[in-house]
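Numbering (UniProt numbering), first residue to last: 1 to 153.
Below is one structure; the comments refer to it alone.
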């Protein structure tokens, strides 16, 4: 392949353009499908998942936000938070169990989460999540841990 490409022969446009994004997405989907029969024929949007922990008056004390993906059958957890006064009482575990149950009902076989070193990596590991990667200095001085779990076990 010729590596003698001159930058002045092309335009690198930084403008956000939805039509271009859709085109790029569809091209990547077509490429991926040509290499894997397990991928969907069309773009499948994930389903939102939200579980709120409320007291009897309706006050929000914690919750979990995520989404389930039909393909590749994953639960992706993006937020879990418990009010400081409610921590260390098992509510985080109960929220995770609720989310995993709902994900199984939706056909998911796996779950994944990212968490900071100052957040809860040990919490997820106690629930059976396994470390598969980490990103150091993100933000500077901190580490992000990536964990996953097989929901069928």
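By construction, the Cβ of each residue, glycine as well, lies at the ideal position given by its N, Cα and C atoms.
On the CB-based measure, 16 or more other CB atoms within 10 Å of its CB, does residue i come out buried or exposed?
i	result
residue 103	buried
residue 149	buried
residue 96	buried
residue 37	exposed
residue 133	exposed
residue 115	buried
residue 92	buried
For residue i, which option in the options has the closest C-alpha, if you only look at C-alpha atoms?
i	options	result
residue 66	85, 51, 56 and 144	51
residue 45	75, 85, 96 and 12	75
residue 112	129, 98 and 134	129
residue 117	18, 141 and 99	141
What are the residues that DSSP puts in a beta bridge with residue i?
i	result
residue 126	According to DSSP, residue 126 bridges with nothing at all.
residue 12	In the DSSP output, where bridge partners are listed per residue, residue 12 has none listed.
residue 67	48 and 76
residue 29	Residue 29 pairs with nothing; no bridge assigned.
residue 113	77 and 147
residue 62	53 and 82
residue 136	143
Please tell me whether residue i and residue j are closer than 7 Å, where the distance is taken between their beta carbons.
i	j	result
residue 154	residue 86	There is no way to answer for residue 154, as the model of the chain reaches only from 1 to 153.
residue 49	residue 63	no
residue 100	residue 151	yes
Q) How about the region 66 to 76 and the region 107 to 116: do they share at least three Cβ pairs that are nearer than 8 Å? A) At 8 Å Cβ cutoff, the stretches touch.
Q) Are at least three pairs of beta-carbons, each pair with one atom in the region 19 to 31 and one in the region 78 to 96, less than 8 Å apart? A) no
Q. Are three or more beta carbon pairs between the region 114 to 126 and the region 136 to 148 nearer than 8 Å?
A. yes
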